[in-house]
Amino acid sequence: MAAAGITDRHIRFLGNHVGTCLFNLIKLARNRETFDIIYLDGNHSIYVDLAAAIAAVRLSKPGALFLFDDVRFAFETRHLIQPTAHYADSEESKDLTEDEANEPHVAIILRDYLIPLFSFEVERLWSDPDWIALRGPRSAPWIRI
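Numbered according to the numbering used here, the sequence shown spans residues 329 to 473.
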């Protein structure tokens, strides 16, 4: 974070201790909360994470960083990333077709939604194949100042 010019004086970590991730993000937006950095560590399923990612967009300040991990995780290749293996047995994964199980859901959210619809750009310096840092636009109709 220091490399990004972020000091620890105003850092607040929010987790999902009660309720669902999506409704907690909605509550934050209703309270007009905004953040410089949003790290969405979801459950790797487009069913859960797409709505959460879109809800989190409203929480980003101009030029905010939006962080995602396990970008290459796919339900069929779960054995490659042991800490994520439990997601493959989740309820969301049971009805997936073979094609759906083979395609990384987080990558779909980034490539097909956040980047084209909200003008996020990949911060290549802080990204690698499994970890993507997106930079939000400096201005947009949905950004609250």
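Backbone N, C-alpha and C define an ideal beta-carbon position, used for all residues, glycine too.
Three-state secondary structure (DSSP) of Arg463: If DSSP states are grouped into helix, strand and coil, Arg463 belongs with the strands.
Whole alpha helix (DSSP H) elements within the region 345-371, 4-residue minimum: Segments of the alpha helix (DSSP H) lying fully in the region 345-371: 349-358.
Three-state secondary structure assigned by DSSP to Leu424: Three-state DSSP puts Leu424 in coil, outside helix and strand.
His407 to Leu462 span [Cα, whole Å]: The pLDDT assigned to His407 is 49, lower than 50, so where the model puts this residue is not dependable, and the model offers no usable value.
Exposure label - Gly370; buried when at least 16 CB within 10 Å: With 16 or more other Cβ atoms within 10 Å, it is buried.
Buried/exposed call for Ala392, threshold 16 Cβ in 10 Å: With 16 or more other Cβ atoms within 10 Å, it is buried.
Pair within 8 Å by beta-carbon distance, Ala379 and Ile366: It is not a contact, given that the beta carbons lie outside the stated cut-off.
Closest by C-alpha distance to Phe448, when choosing among Asp456, Arg439, Trp454: Of the candidates Asp456, Arg439, Trp454, the one whose C-alpha sits nearest the C-alpha of Phe448 is Arg439.
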